[in-house]
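Enquirer:
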Amino acid sequence: MADEELHENDSKDQKDWQKETASADAKATESTDTDTNAAADEDETYGVDMDKVQAVLNATADKASLTPQMQRMMNRQAENTKRVEETIKGTKSNPRWFVPVFCAFMIIGLIWCVVYYLSPSGAWPIPNIGAWNLAIGFALIMIGFLMTMGWR
1 MADEELHEND SKDQKDWQKE TASADAKATE STDTDTNAAA DEDETYGVDM DKVQAVLNAT
61 ADKASLTPQM QRMMNRQAEN TKRVEETIKG TKSNPRWFVP VFCAFMIIGL IWCVVYYLSP
121 SGAWPIPNIG AWNLAIGFAL IMIGFLMTMG WR
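Numbering-wise (UniProt numbering), the sequence shown opens with residue 1 and increments by one.
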């Protein structure tokens with residue numbers, strides 16, 4: 001019985017899936033075209049040219065020819081720039097020799113410890129002090145490490 005019902009349907013009654021997908025693709029293409037037109041219309045609706053906005057943000061626009069809203073935006077941008085410049089001026093930096101000195105301390109301390117371990121019976125770098133060579137090496141490394149905490 002089910003077979004008879006299936007075969008009774010004409011091919012005319014069945015949906016044409018290709019036509020539906022083709023029409024859906026055409027509608028999607030039309031909608032993307034209208035979206036781009038809508039974006040252009042939106043710029044026209046607000047009456048703001050993107051070149052003017054860019055000029056305001058770069059502080060190159062003539063203030064007399066701007067709307068009050070654009071003038072407020074330009075003033076806000078100038079205040080933000082001024083605040084950042086003041087923050088940068090307030091920071092202190094280390095002298096140029098600071099980083100090489102703390103790196104040198106750490107490297108010399110490491111080399112000191114390696115030389116002690118590789119020397120026969122711990123005779124180098126300073127003979128007759130034994131394991132105190134390790135203390136000297138680690139002290140040099142710690143001096144370099146503590147200097148890194150003061151780095152700005």
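Glycine residues also receive a C-beta, built at the ideal position from the N, C-alpha and C atoms.
When the Cβ atoms of the stretch 135-148 are set against those of the stretch 105-113, are three or more pairs found closer than 8 Å?
Expert: yes
Enquirer: Cβ of Phe105 within 9 Å of Cβ of Gly150?
Expert: Here residue 105 corresponds to residue number 105 of the sequence shown, with the count starting at 1. Here residue 150 corresponds to residue number 150 of the sequence shown, with the count starting at 1. The answer is no: Cβ separation not under 9 Å.
Enquirer: Helix, strand or coil for Trp97? Go by DSSP, reduced to three states.
Expert: If you number the sequence shown from 1, residue 97 lands on position 97. Here Trp97 sits in coil by DSSP.
Enquirer: Just checking my contact of Pro125 with Tyr116 at CB under 8 Å: how many whole Å lie between their CB atoms?
Expert: Start at 1 with the first residue of the sequence shown, and residue 125 comes out as number 125. Start at 1 with the first residue of the sequence shown, and residue 116 comes out as number 116. 7 Å between Cβ atoms; contact.
Enquirer: Classify Cys113: buried if its beta carbon has 16 or more other beta carbons within 10 angstroms, exposed otherwise.
Expert: The sequence position of residue 113 within the sequence shown is 113, counting from 1. Buried is the call here.
Enquirer: What distance in whole Å lies between the Cβ atoms of Met74 and Lys89, which are believed to be in contact at a cut-off of 8 Å?
Expert: To locate residue 89, count along the sequence shown from 1; it is residue 89. To locate residue 74, count along the sequence shown from 1; it is residue 74. With a Cβ gap of about 23 Å, Lys89 and Met74 do not count as contacting.
Enquirer: If you run the structure through DSSP and keep just helix, strand and coil, what is Trp151?
Expert: For the purposes of this step, residue 151 is taken as the residue at position 151 of the sequence shown. Here Trp151 sits in coil by DSSP.
Enquirer: Is the beta carbon of Ala131 sitting closer than 9 Å to the one on Gly122?
Expert: By one-based count along the sequence shown, residue 131 stands at place 131. By one-based count along the sequence shown, residue 122 stands at place 122. Yes, Cβ-Cβ distance for Ala131 and Gly122 is below 9 Å.
Enquirer: Helix, strand or coil for Pro68, going by three-state DSSP, please let me know.
Expert: By 1-based counting over the sequence shown, the position of residue 68 is 68. Per DSSP, reduced to three states, the secondary structure at Pro68 is helical.
Enquirer: Rounded C-beta distance between Arg152 and Lys92? I'm assuming under 8 Å.
Expert: The residue given as residue 152 occupies position 152 in the sequence shown. The residue given as residue 92 occupies position 92 in the sequence shown. Rounded, the Cβ-Cβ distance is 6 Å, consistent with contact.
Enquirer: Could you give the distance in angstroms between the alpha-carbon of Gln71 and the alpha-carbon of Glu85?
Expert: Within the sequence shown, the letter at position 71 stands for residue 71. Within the sequence shown, the letter at position 85 stands for residue 85. The alpha-carbon atoms of Gln71 and Glu85 are separated by roughly 21 Å.
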